[in-house]
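Enquirer: Before I ask anything, here is the structure I am working with.
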Amino acid sequence: MNPRLASLQAYPFERLRDLLAGVSAPPQPVVDFSIGEPRRPAPGLVVESIIEHLHGLAAYPKVMGSEELRQSIVAWAERRFALPTGFLDPEQNVLPANGSREALFSVAQALVDSSTGKDLILLPNPFYQIYEGAALLAGATPYYLNCTASGQPDYRAIPADIWQRCALMYVNSPHNPTGAALSAADWDFLVAQARRYAFVLAADECYSEIYFDVPPAGVLSAAARSGSLAQVLAFHSLSKRSSIPGARSGFIAGDAALLSPFRLFRTYLGNAMPPFIQAASAAAWSDEQHVALMRADYADKFALAAEILGDLVTVERPAGGFYLWLAVGDGEAFTRNLFAQQAVRCLPGAYLARPAHGSYPGRDRVRIALVGEQEICREGLLRIRQFLLSSPIN
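Here it is in structure tokens:
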């Protein structure tokens, strides 16, 4: 067995199961706010495209994906991030992926060599646990960057010796779970640092299309402003944008010098996207109407949360994403007691973070994923209100 597997910590939902084991909930349907899994119906154009292209089962898919898919990705990225025509070459700068999760994990395995003295992988804290697992299995050391009150780490406060040891940095914007997004100036700074210190800047932007006021800035725009994709990789997904997590579809775009060895790694891994998913993905990246409807639905849910809970707890609509990140005191106690009294399941913020640099980000919070249907969300939020009325937060 790979000895590094022993370094992996339990996934947040395993810890949640342990926390709630033996807890008797009231005899009513459970409202599950714990998992960030979009539950909107898949867009019709995606479903129809899958059906139309099922004949593709007779052929092996290619790691590079179809030309149609790569061109649709490039066209979307050019529109979304105002990129100059030709800045992204569909042959050199784009690689389809089976969702952003496997790509974010694989990039560290393919591109990190900790024996060179660059032994750190930097990640926000709280964080998506795939980042930590990827670092550990790549033989690197995770270095946790505590999020500040802004919801993002203070990247400008990182000391030079840490930058020098950095092999790869995971940046999540909008951030899971805080919803905070980086500014264009933040991205410009990180791109410059990646080149100055020669590390891979892995920008996880899977929530970039769930926003409410203005589209969040992106790393590809920063790269275009600099005139180069050097050291930059952007990760995007249709799971959140198009509410099709079951399709496992996304892409990586960026530095051809990084994508070339990454493509070789993925060729041996054998994780090419099925042809019918490629066709459906091309259709999804080419359409914005279903995405606008999705954004409106999430905006309504945040408005509902503010209406139902706003007089009892601070409800902030984030820059992006679909999570309420509520300050509740002891997150584990809140989660356990809420389930016991109201049969509502949420996720303690502590399960998304690690103690680091003298603090434990998120320990006083819970994450509530507003992903269910409107009426289910309403029911769950009303139950949380009843719980707060009976157990006020100090």
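In my numbering, the protein residues as written are 4 to 397.
Glycine included, every Cβ here is placed at the ideal spot set by N, Cα and C.
Which full runs of the alpha helix (DSSP H) of 4+ residues lie inside the stretch 130 to 213, going along the chain?
Expert: 132 to 140, 163 to 168, 187 to 200
Enquirer: If you reduce the DSSP assignment to three classes, tell me which class A62 lands in.
Expert: The sequence position of residue 62 within the sequence shown is 59, counting from 1. Taken through DSSP and simplified to helix, strand or coil, A62 comes out as coil.
Enquirer: Can you grab the Cα-Cα spacing for the pair A111 / S263, in whole Å?
Expert: By one-based count along the sequence shown, residue 111 stands at place 108. By one-based count along the sequence shown, residue 263 stands at place 260. Near 14 Å, if we compare the C-alpha coordinates of S263 and A111.
Enquirer: What first and last residue would you give for the beta strand (DSSP E) that runs through F215?
Expert: Taking the sequence shown and counting its residues from 1, the one referred to as residue 215 is at position 212. F215 -> no beta strand (DSSP E), and no H or E assigned at all.
Enquirer: Assign D35 to one of three DSSP states: helix, strand, or coil.
Expert: Taking the first residue of the sequence shown as position 1, residue 35 is located at position 32. Residue state, collapsed to three classes: strand.
Enquirer: Name the one or two DSSP bridge partners that F238 has.
Expert: Indexing the sequence shown from 1 puts residue 238 at position 235. According to DSSP, F238 bridges with D207, I255.
Enquirer: Smallest Cα separation from I396: which of A336, A170, W288?
Expert: The sequence position of residue 396 within the sequence shown is 393, counting from 1. When each option's Cα is compared against that of I396, the closest is A336.
Enquirer: With distances taken Cα to Cα, identify the nearest neighbour of L48 among A285, R104, I161.
Expert: The sequence position of residue 48 within the sequence shown is 45, counting from 1. Ranked by Cα distance from L48, the options A285, R104, I161 are led by A285.
Enquirer: Could you check if R159 is buried or exposed, using at least 16 other CB atoms within 10 Å of its CB as the buried criterion?
Expert: One-based indexing of the sequence shown puts residue 159 at position 156. Exposed: under 16 other Cβ atoms inside 10 Å.
Enquirer: Determine the closest residue to V174 out of Y214, A28, L107, with distance taken between C-alpha atoms.
Expert: Residue mapping note: residue 174 aligns to position 171 of the sequence shown, counting from 1. Checking every option, the nearest Cα to that of V174 belongs to L107.
Enquirer: If you draw a straight line from the C-alpha of Y146 to the C-alpha of S224, how long is it?
Expert: As a working mapping, residue 146 is identified with position 143 in the sequence shown. As a working mapping, residue 224 is identified with position 221 in the sequence shown. If I take the Cα positions, the gap works out to 27 Å.
Enquirer: Please report the distance separating the alpha-carbon of P177 from that of P321.
Expert: Along the sequence shown, read from residue 1 onward, the residue named residue 177 stands at position 174. Along the sequence shown, read from residue 1 onward, the residue named residue 321 stands at position 318. Spanning the two alpha carbons is a distance of roughly 9 Å.
Enquirer: Looking at C150 and T119, is the spacing between their C-beta atoms short of 8 Å?
Expert: Taking the sequence shown and counting its residues from 1, one reaches residue 119 at position 116. Taking the sequence shown and counting its residues from 1, one reaches residue 150 at position 147. It is not a contact, given that the beta carbons lie outside the stated cut-off.
Enquirer: For P398, does the three-state DSSP call read helix, strand or coil?
Expert: There is no way to answer for residue 398, as the model of the chain reaches only from 4 to 397.
Enquirer: For G102, collect the residues of the same chain with a Cβ closer than 7 Å to its Cβ; drop the 5 residues on either side in sequence, then sort them by chain order.
Expert: Walking along the sequence shown from the start, residue 102 turns up at place 99. Hits under 7 Å: S240, S242, R251, S252, G253.
Enquirer: Out of I124, F238, A237, point me to the one whose CA is closest to Y200's CA.
Expert: Taking the sequence shown and counting its residues from 1, one reaches residue 200 at position 197. For Y200, the nearest C-alpha among the options comes from I124.
Enquirer: Grab the span of the alpha helix (DSSP H) containing V50 for me, first residue to last.
Expert: To locate residue 50, count along the sequence shown from 1; it is residue 47. Where V50 is concerned, the enclosing alpha helix (DSSP H) stretches over 47 to 55.
Enquirer: Beta-carbon within less than 7 Å of C169's beta-carbon, same chain only, minus the 5 sequence neighbours each way: which residues are those?
Expert: What you label residue 169 is simply residue 166 of the sequence shown in a count that begins at 1. Cβ neighbours of C169 beyond the five flanking positions: K121, L123, L125, Y200, F202.
Enquirer: Can you give me the C-alpha to C-alpha distance between T317 and W190, rounded to a whole angstrom?
Expert: Within the sequence shown, residue 317 is the residue found at index 314, counting from 1. Within the sequence shown, residue 190 is the residue found at index 187, counting from 1. Cα to Cα, the separation comes out at about 29 Å.
Enquirer: Check the DSSP bridge columns for P99 and list the partner residues they point to.
Expert: Indexing the sequence shown from 1 puts residue 99 at position 96. According to DSSP, which records beta bridges pairwise, P99 is partnered with F254.
Enquirer: If you follow the alpha helix (DSSP H) that Y14 is in, where does it begin and where does it stop?
Expert: Position 11 of the sequence shown holds residue 14. Element bounds for Y14: n/a, residue is neither H nor E.
Enquirer: Looking at the secondary structure, which residues open and close the beta strand (DSSP E) in which N128 lies?
Expert: For the purposes of this step, residue 128 is taken as residue 125 along the sequence shown, with counting starting at 1. Element bounds for N128: 123 to 128.
Enquirer: Relative to the C-alpha of G273, which residue among A163, F192, Y63 is closest?
Expert: The residue given as residue 273 occupies position 270 in the sequence shown. Answer by Cα proximity: Y63.
Enquirer: Of all the options N5, R339, R388, G230, which has the alpha carbon lying nearest to the alpha carbon of L86?
Expert: The residue you call residue 86 lines up with position 83 of the sequence shown. Closest by alpha carbon: G230.
Enquirer: Would a C-beta distance cut-off of 8 Å place A237 and V222 closer than the cut-off?
Expert: Taking the first residue of the sequence shown as position 1, residue 237 is located at position 234. Taking the first residue of the sequence shown as position 1, residue 222 is located at position 219. Result yes, Cβ atoms of A237 and V222 sit closer than 8 Å.
Enquirer: Using a Cβ cut-off of 8 Å (strictly closer), state whether V194 contacts chain D.
Expert: This model lacks chain D altogether; it includes just one protein chain.
Enquirer: Report back the beta-carbon spacing between P129 and L355 to the nearest angstrom; my notes put them in contact at under 8 Å.
Expert: Indexing the sequence shown from 1 puts residue 129 at position 126. Indexing the sequence shown from 1 puts residue 355 at position 352. The beta-carbon distance between P129 and L355, rounded to whole angstroms, is 4 Å. This is short enough to meet the 8 Å contact definition.
Enquirer: Quick check: the stretch 89 to 102 against the stretch 299 to 307, are there 3 or more CB pairs under 8 Å?
Expert: no
Enquirer: For the alpha helix (DSSP H) that contains L355, what are its first and last residues?
Expert: The residue given as residue 355 occupies position 352 in the sequence shown. From DSSP, L355 is part of no alpha helix (DSSP H); its letter is neither H nor E.
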